[in-house]
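Student: A single structure is presented below for examination.
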Amino acid sequence: MSSVFGYIRFKHLIDFPDRSFQYNFIHQYKQYYQEFSTNVEHNFYKKETPEYYCTLFGNISITKSFNLLWNNYSDFSPESFQQFCLDLAYQINGIYAITLYHKKSNCLYLVSDALGFYPMYYYFENGELLWFSDQKDLRTLEIRQWNWNEDAIESFIQNGHLLENQSWHKEIKRTPPGTILCFDLNNKSETQRRYWSWEKILKNNELKLEESIEKYYELIVSSLDSLQSISYPLGLSLSGGLDSRLIATILKEMFPFKSFTFSEENSIDLEIAQRVSKNLNIEHRHFEILYDNWVSRRCMNIWKTSGMLSMEHLHEGDLFDQIHLEFPQIVHGFFGGGIYAGKAETNKRIDSSIAEQWIKDPKKIIDINSDFYNIQNIDCFIVNQRMRNSGAFSLYYLAQYSKVIIPFYNLKWLEFNYSLDDEWQLNNKFYFQVLDKKLPKELKQISWQKTGIPVDFINMNIFALSNKLNSVREKVFNKLGHSTLFVNYKKVDEQIELQLYQMDYKSITERRMQEMSRMEKMRVLTFLLYRQMLKQNSSNVL
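For the sequence shown, this note's numbering assigns the number 1008 to the initial residue and increments by one for each residue that follows.
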């Protein structure tokens, strides 16, 4: 992963607290300064011409057509740059951002990936501009007082993540997805234009089911096969879910790899992953999640994600160092197949009433009427709010250790997936049909962790999902002191509550301990720890 910190019209005040990366790159031109740190050599690309500096960075795996596109772009104009950004989006696997500084016009362009999964933040006022990927680095510049964004803190506690383009501070914004921001330093103005939007995706009702299954599968295969280079040893993060099982089947025909699972001992996830690996004749490695010192094991995760990822999602804890030693490159099933909509929301555009089912207080900050959401599908909203502001930070953190390949974050596959009729996709029906046709018989006979039902029992799985039997199953397991997941949070309740009392949780919420859910307790504690880390400029606060 490559991180960035840049500024214009500030004297050089950078003093990063973390210098653990191997490669460092600096661009400097008059009052323009930009520094990159990266842990992987090919996560950073630059172009320098007499006219501009252009940099591409993040967690990047390129296709075989990338170099031709990257090397041939030379004559800059806002229009040609917009097309260039769109073309790049189809040639890159991973989360990334682009900066371009145009010398003559004294304009800086900040570009997010199509779904905005790479975290890029900025401050722009009176012609002074800062841009950075790690919010904690902001506190190392003593140029002004940064004020906490109380709405963002409340969003985090209620929803488990921030909303829209919030940051922890009132003065700081996050770059929107699929967007080119232009900062004109002469006129002290900010403009933006989109190079990609969900409204680009049109529903296709003409494709037949069989050809849709084939194309869907071919696009996932292509997202791996089109990559320019794969480094070894290669690891696949294998769980008891469907996405990693499908990827394992595809990878088996393409590259040598090993699988690994992080989970508590004797979890259902681990058992399924081991069975899948055995059936595919793949060497499997188990990284055990431990419960002793559970909170302190997650402090570094909180620090490196600038507190943006609640500890309810920090499953791996301190395992990344071990995982990296064995697997410098990882394939991950992030994003996956299917849709979020229930029967009442199929083939509908997001509106306020639907948004309120997924997000608490969405009207405060979210523009539901934005043309970015102009598609007859509600996933565009959920992906932009929940996945972008929560799940994507898991990738961001993992990629600080190992390079991550994300087969499902492929624009061609994504656009095809959402062009299908929602009725086909309801309760994963279409996805099950893909798996039924493409998975080996032995893998289809292995249960799915979410329902406990073998994959080839399609109608039974659909019935379980439509009636939310998976939630009932989890509650039954919890009553027995177990979990259907790879981690049992019931085992850490006392640690979390004790730490909350010690850190004076009432300083940020009026909720009483017994009024908060387990998830809310984790979110409050995550923020308290991050706030303390900023005061001490260190992750070592416990």
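Just so it is clear, CB atoms sit at the ideal spot from N, CA and C, and this is done for glycine as well.
Quick one: using the 10 Å Cβ neighbour count with 16 as the cut-off for buried, is Pro-1414 buried or exposed?
Tutor: Residue mapping note: residue 1414 aligns to position 407 of the sequence shown, counting from 1. Counting Cβ neighbours within 10 Å, Pro-1414 comes out buried, since at least 16 surround it.
Student: What do you get for Met-1540, buried or exposed, if any count of 16 or more other CB atoms within 10 angstroms of its CB means buried?
Tutor: By one-based count along the sequence shown, residue 1540 stands at place 533. Buried is the call here.
Student: Within a Cβ cutoff of 6 angstroms, which residues of the same chain sit near Arg-1304, ignoring the five residues on either side of it in sequence?
Tutor: Indexing the sequence shown from 1 puts residue 1304 at position 297. So the qualifying residues of the chain are Gly-1324 and Asp-1325.
Student: Give the straight-line distance between the Cα atoms of Asn-1154 and Lys-1444, rounded to the nearest whole angstrom.
Tutor: Numbered from its first residue, the sequence shown carries residue 1154 at position 147. Numbered from its first residue, the sequence shown carries residue 1444 at position 437. Approximately 54 angstroms, taken between the alpha carbons.
Student: Determine the closest residue to His-1339 out of Leu-1249, Phe-1484 and Trp-1301, with distance taken between C-alpha atoms.
Tutor: For the purposes of this step, residue 1339 is identified with residue 332 of the sequence shown, where counting begins at 1. Looking at the Cα atoms, Leu-1249 is the closest of the given residues.
Student: Within a Cβ cutoff of 6 angstroms, which residues of the same chain sit near Gly-1343, ignoring the five residues on either side of it in sequence?
Tutor: Counting from one through the sequence shown, the residue named residue 1343 turns up at place 336. Around Gly-1343: Asp-1250 and Phe-1415.
Student: When you compare only the Cα positions, how much space is there between Asn-1273 and Ser-1009?
Tutor: Stepping through the sequence shown from its first residue, residue 1273 is reached at position 266. Stepping through the sequence shown from its first residue, residue 1009 is reached at position 2. Their backbone Cα atoms lie some 36 angstroms apart in a straight line.
Student: Per DSSP, which one or two residues make a beta bridge with Gly-1065?
Tutor: Here residue 1065 is taken as the residue at index 58 of the sequence shown, counted from 1. Looking at the DSSP assignment, Gly-1065 forms a beta bridge with Tyr-1103.
Student: Could I get the ranges of all uninterrupted alpha helix (DSSP H) runs contained in the segment 1210-1266, with 4 residues as the minimum, in chain order?
Tutor: Taking only runs of at least 4 residues, the alpha helix (DSSP H) segments lying wholly in the segment 1210-1266 are 1216-1232 and 1250-1259.
Student: With 16 as the cutoff for other CB atoms within 10 Å, does Lys-1471 come out buried or exposed?
Tutor: Residue 1471 sits at position 464 when you count from the first residue of the sequence shown. The sequence shown places Ala at residue 1471, rather than the Lys named in the question. Buried: at least 16 other Cβ atoms inside 10 Å.
Student: Out of curiosity, what's the CA-to-CA distance linking Ile-1460 and Glu-1178?
Tutor: Counted from its first residue, the sequence shown places residue 1460 at position 453. Counted from its first residue, the sequence shown places residue 1178 at position 171. About 49 angstroms.
Student: Distance, Cα to Cα, Lys-1215 vs Gln-1383?
Tutor: The count along the sequence shown starts at 1 and reaches residue 1215 at position 208. The count along the sequence shown starts at 1 and reaches residue 1383 at position 376. Each residue's alpha carbon lies about 20 angstroms from the other.
Student: How close, in whole Å, do the beta carbons of Trp-1138 and Val-1011 come, if the pair is a contact with beta carbons under 8 angstroms?
Tutor: Here residue 1138 refers to the residue found at position 131 when the sequence shown is read from its first residue. Here residue 1011 refers to the residue found at position 4 when the sequence shown is read from its first residue. Contact flag correct, Cβ pair sits at about 7 angstroms.
Student: Report the rounded CA-to-CA distance for Ile-1067 versus Met-1520, giving the unit in angstroms.
Tutor: As a first step, residue 1067 must be located in the sequence shown, where it is residue number 60. As a first step, residue 1520 must be located in the sequence shown, where it is residue number 513. Distance between the alpha carbons of Ile-1067 and Met-1520 is about 42 angstroms.
Student: Quick one: complete alpha helix (DSSP H) runs, 4+ long, within the segment 1321-1396?
Tutor: Listed in chain order, the complete alpha helix (DSSP H) runs (minimum 4 residues) inside the segment 1321-1396 are 1327-1333, 1359-1365 and 1386-1389.
Student: Helix, strand or coil for Pro-1024? Go by DSSP, reduced to three states.
Tutor: The residue labelled residue 1024 in the question sits at position 17 within the sequence shown. Confidence at Pro-1024 is low in this model, with a pLDDT of 47, below 50, so the placement of that residue should be treated as unreliable; the coordinate-derived value is given next. Pro-1024 falls in the coil class under three-state DSSP.
Student: Provide the residue span of the beta strand (DSSP E) that contains Trp-1138, from first to last.
Tutor: Numbered from 1 along the sequence shown, position 131 holds the residue referred to as residue 1138. Here the beta strand (DSSP E) through Trp-1138 covers 1135-1139.
Student: Starting from the N-terminal side, write out each stretch of the alpha helix (DSSP H) that is 4 residues or longer and does not extend beyond the segment 1401-1447.
Tutor: Entirely contained in the segment 1401-1447, the alpha helix (DSSP H) runs reaching 4 residues are, in chain order, 1418-1424, 1429-1432 and 1436-1445.
Student: May I ask which residues mark the beginning and end of the alpha helix (DSSP H) holding Glu-1527?
Tutor: In the sequence shown, the residue the question calls residue 1527 occupies position 520. It spans 1525-1543 - the alpha helix (DSSP H) in which Glu-1527 sits, taken as one unbroken run.
Student: Apart from the five residues on each side of it in sequence, which residues of its chain come closer than 7 angstroms, Cβ to Cβ, to Thr-1516?
Tutor: Taking the sequence shown and counting its residues from 1, one reaches residue 1516 at position 509. Ile-1164 and Val-1531, listed in sequence order.
Student: Does DSSP put Pro-1085 in a helix, in a strand, or in coil?
Tutor: One-based indexing of the sequence shown puts residue 1085 at position 78. It is helical.
Student: Would Lys-1311 and Ser-1072 qualify as a contact pair, given that the criterion is a beta-carbon distance under 9 angstroms?
Tutor: On the sequence shown, position 304 is the one that residue 1311 refers to. On the sequence shown, position 65 is the one that residue 1072 refers to. No, the Cβ-Cβ distance between Lys-1311 and Ser-1072 is not below 9 angstroms.
Student: Quick one: residues in its chain with C-beta nearer than 7 angstroms to the C-beta of Ser-1524, no 5 flanking neighbours on either side, listed in chain order?
Tutor: In the sequence shown, counting from the first residue as 1, residue 1524 sits at position 517. Contacts found: none.
Student: If you measure from the beta carbon of Arg-1395 to each beta carbon in chain D, is any gap under 9 angstroms?
Tutor: Any reference to chain D falls outside this structure, which holds one protein chain only.
Student: Can you name the start and end residues of the beta strand (DSSP E) that Phe-1124 belongs to?
Tutor: One-based indexing of the sequence shown puts residue 1124 at position 117. Unbroken run through Phe-1124: none, as it is neither H nor E.
Student: Within the same chain, show all residues whose beta-carbon is closer than 7 angstroms to that of Arg-1538, passing over the 5 residues directly before and after it, in chain order.
Tutor: Residue numbering aside, residue 1538 sits at position 531 when the sequence shown is read from its first letter. Taken in chain order, the list of residues that qualify is empty.
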